[in-house]
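One structure is given below, encoded as structure tokens.
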Amino acid sequence: MNRLWTLSLLFRLSRLATPGTGFVLLPVAPPAPTCSGGMTASAGLAAGERGSAAANGGTRTATASPFDCDDTISPMVKTVSPSKTLEVHALTQEMKARGERVVSLCVGEPDFQPPAAVIEATAAAAREGVTKYTGVTGTVDLRKAICADLARRKNLTYSAGDIVVANGAKQAVYQAVLAVVRPGDEVIISAPYWPSYPEMVRLAGGVPIIVETTVEEEFLLTAEKLRGALTDKTRMLIFCNPSNPTGAVHSKERCEELAAVLSEEGGKGSGCWVLADEIYERITYDTPHVAFATIPGMFERTMTVNGFSKSHAMTGYRLGYLAAPPIITKAVTIIQGQITSCASSISQAAGLVALAVSDEEMQASFDVMREKRDFVLKRLSEMPDLATAVPQGAFYVFPDVSAHFGKSAPDGTVIGGATDLCLYLLRAHSVALVTGDGFGYSKCIRISYAASMEEIDEALAEFDKCLCSFS
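Using mature numbering (1 follows the signal peptide of the UniProt record, and there is no 0), the letters of the sequence shown correspond one by one to residues -22 to -1, 1 to 449.
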């Protein structure tokens, strides 16, 4: 238990590393916030003004306010980058507000409904009073069912005490980072990446180490690149497999190569935890998914994150989980107990039923995803100057559009990068796609095929027109 001092969120927020490590030293007791003009709240009122305010029933006459200035916000928040996809999203909302039709292939959730049994279980739980708090880590029945599912499908052996049910996989990821990453620790993240990974690391006081992969490499992390990124400060590898945004799936052989690097005698990976984000593991095509924790020597260092959002189309239920060694689940339980406590009891009841849905019923939805993927790839192959890796999982394609950078649109707009292309596509063709800038890879855009075939066909037709119009 003496190691759990590292887990205190308050410790992380008040004791960031010194400027020499790239962090701002925060005082334990920060000075009074300053507002525009550099005045403190108290300095904003001269002695006479304070007296005048008192004489006027306490009405404040100064314009400065300690509650309406940048300095009142914690410096920790300023270490977090805002989403680079907000510009496209904001324009999309403006166009819809004007009554304009926008075809969007941005959404990161399945377009099908949860299984019928899940919907019924949701209603039944509400009707039958399953509406109270559960234990912080989730109901015993759900945790046992998760263990059984992991054993049956992924060849992983856990006990109920090794499972923490969270409010979505996102919370599970963040809490796993908080549990082990100390100020100044380095966390390896391969790019393209899910946008929240680097920001979660920064919030924990860690340093994101970005390792770029390319379309030519099919966006797969190589053993050589992993070895080159490891240092004496490496604390964690965040390994998203299958990948959002690329759909890349690391094969068993590739996972074994990465594990061998981490296990090298005298290497720098000996103390490196692996956070395996496997939320898309049920949606795979030609490359089977292998749980990283099943690779020899990796079980004791791997934290597996999964959930119900992608596989069972239960995004709004906010139900995910962490499966990890006891020292991690104990630490994560402490953190979750002080943040949100348990996940929704109704969602947990629905999740229990979701795990009982037959593989055959589940596969029917995934087969439709494969058909959509193949359609998108065929259409993209017919468009000019695109380079596309074949995604083996999830429901995204991530084409390289950099050959069009520097070109001009018919209205004179210069396409300076992926964000410019997405904004122009939205304005001129009413199609919303996601810029690769938001995923740490500025050459690409993300296309989600978790939409109706009609919407996909229409959006890609307009995308083709758009690219062909550039000169």
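Backbone N, C-alpha and C define an ideal beta-carbon position, used for all residues, glycine too. In this text the structure is predicted, and so the values were computed from the model without any measurement.
Starting from the Cα of residue i, find the closest Cα among the options and give me that residue.
{"i": "residue 283", "options": "163, 295, 130, 258", "result": "258"}
{"i": "residue 131", "options": "94, 256, 175", "result": "256"}
{"i": "residue 274", "options": "237, 301, 303", "result": "237"}
{"i": "residue 264", "options": "301, 149, 229", "result": "229"}
{"i": "residue 221", "options": "280, 288, 157", "result": "288"}
{"i": "residue 157", "options": "141, 340, 313, 347", "result": "313"}
{"i": "residue 294", "options": "206, 307, 324, 207", "result": "324"}
{"i": "residue 351", "options": "449, 308, 55, 430", "result": "430"}
{"i": "residue 332", "options": "93, 68, 76, 141", "result": "93"}
{"i": "residue 188", "options": "165, 195, 200", "result": "165"}
{"i": "residue 89", "options": "435, 346, 376, 368", "result": "346"}
Could you tell me the distance, in whole angstroms, from the CA atom of residue i to the CA atom of residue j?
{"i": "residue 396", "j": "residue 62", "result": "11 Å"}
{"i": "residue 116", "j": "residue 373", "result": "29 Å"}
{"i": "residue 386", "j": "residue 363", "result": "15 Å"}
{"i": "residue 366", "j": "residue 445", "result": "15 Å"}
{"i": "residue 109", "j": "residue 428", "result": "32 Å"}
{"i": "residue 321", "j": "residue 302", "result": "18 Å"}
{"i": "residue 407", "j": "residue 315", "result": "48 Å"}
{"i": "residue 53", "j": "residue 161", "result": "15 Å"}
{"i": "residue 219", "j": "residue 267", "result": "8 Å"}
{"i": "residue 24", "j": "residue 44", "result": "Confidence at residue 24 is low in this model, with a pLDDT of 39, below 50, so its placement is unreliable and no value can be given for it."}
{"i": "residue 173", "j": "residue 418", "result": "7 Å"}
{"i": "residue 175", "j": "residue 143", "result": "20 Å"}
{"i": "residue 528", "j": "residue 145", "result": "Outside the shown range of the chain (-22 to 449) lies residue 528, about which nothing can therefore be said."}
{"i": "residue 281", "j": "residue 246", "result": "19 Å"}
{"i": "residue 234", "j": "residue 241", "result": "10 Å"}
{"i": "residue 423", "j": "residue 330", "result": "36 Å"}
{"i": "residue 91", "j": "residue 48", "result": "43 Å"}
{"i": "residue 432", "j": "residue 411", "result": "16 Å"}
{"i": "residue 86", "j": "residue 401", "result": "19 Å"}
{"i": "residue 249", "j": "residue 290", "result": "35 Å"}
{"i": "residue 253", "j": "residue 127", "result": "20 Å"}
{"i": "residue 120", "j": "residue 299", "result": "10 Å"}
So, with DSSP's three-state summary, where would you put residue i?
{"i": "residue 277", "result": "helix"}
{"i": "residue 21", "result": "Residue placement at residue 21 is flagged as unreliable, the pLDDT there being 37, under the threshold of 50; the coordinate-derived value follows with that caveat. Coil, per DSSP."}
{"i": "residue 286", "result": "coil"}
{"i": "residue 232", "result": "helix"}
{"i": "residue 447", "result": "helix"}
{"i": "residue 441", "result": "helix"}
{"i": "residue 363", "result": "coil"}
{"i": "residue 175", "result": "helix"}
{"i": "residue 255", "result": "strand"}
{"i": "residue 374", "result": "strand"}
{"i": "residue 243", "result": "coil"}
{"i": "residue 417", "result": "helix"}
{"i": "residue 260", "result": "coil"}
{"i": "residue 380", "result": "helix"}
{"i": "residue 42", "result": "coil"}
{"i": "residue 159", "result": "coil"}
{"i": "residue 410", "result": "strand"}
{"i": "residue 392", "result": "strand"}
The alpha helix (DSSP H) with residue i in it runs from where to where?
{"i": "residue 359", "result": "337 to 359"}
{"i": "residue 328", "result": "323 to 332"}
{"i": "residue 202", "result": "201 to 207"}
Do residue i and the ligand MN come close, with the Cβ less than 7 Å from some heavy atom?
{"i": "residue 230", "result": "No copy of the ligand MN occurs in the structure displayed, which carries no ligand at all."}
Does any CB atom of chain D fall closer than 8 Å to the CB of residue i?
{"i": "residue 215", "result": "Given the protein chain composition of this structure (a single chain), no chain D is represented."}
Note the first and the last residue of the continuous beta strand (DSSP E) segment covering residue i.
{"i": "residue 405", "result": "Per DSSP, residue 405 belongs to no beta strand (DSSP E); it is in the alpha helix (DSSP H), 396 to 407."}
{"i": "residue 304", "result": "Where residue 304 is concerned, there is no enclosing beta strand (DSSP E), although the alpha helix (DSSP H) it sits in stretches over 304 to 317."}
{"i": "residue 217", "result": "212 to 218"}
{"i": "residue 190", "result": "185 to 190"}
{"i": "residue 169", "result": "164 to 169"}
{"i": "residue 425", "result": "423 to 426"}
{"i": "residue 299", "result": "298 to 301"}
> Fully enclosed by the segment 71 to 152, which beta strand (DSSP E) runs are 3 residues long or longer?
Replying inline: 141 to 144
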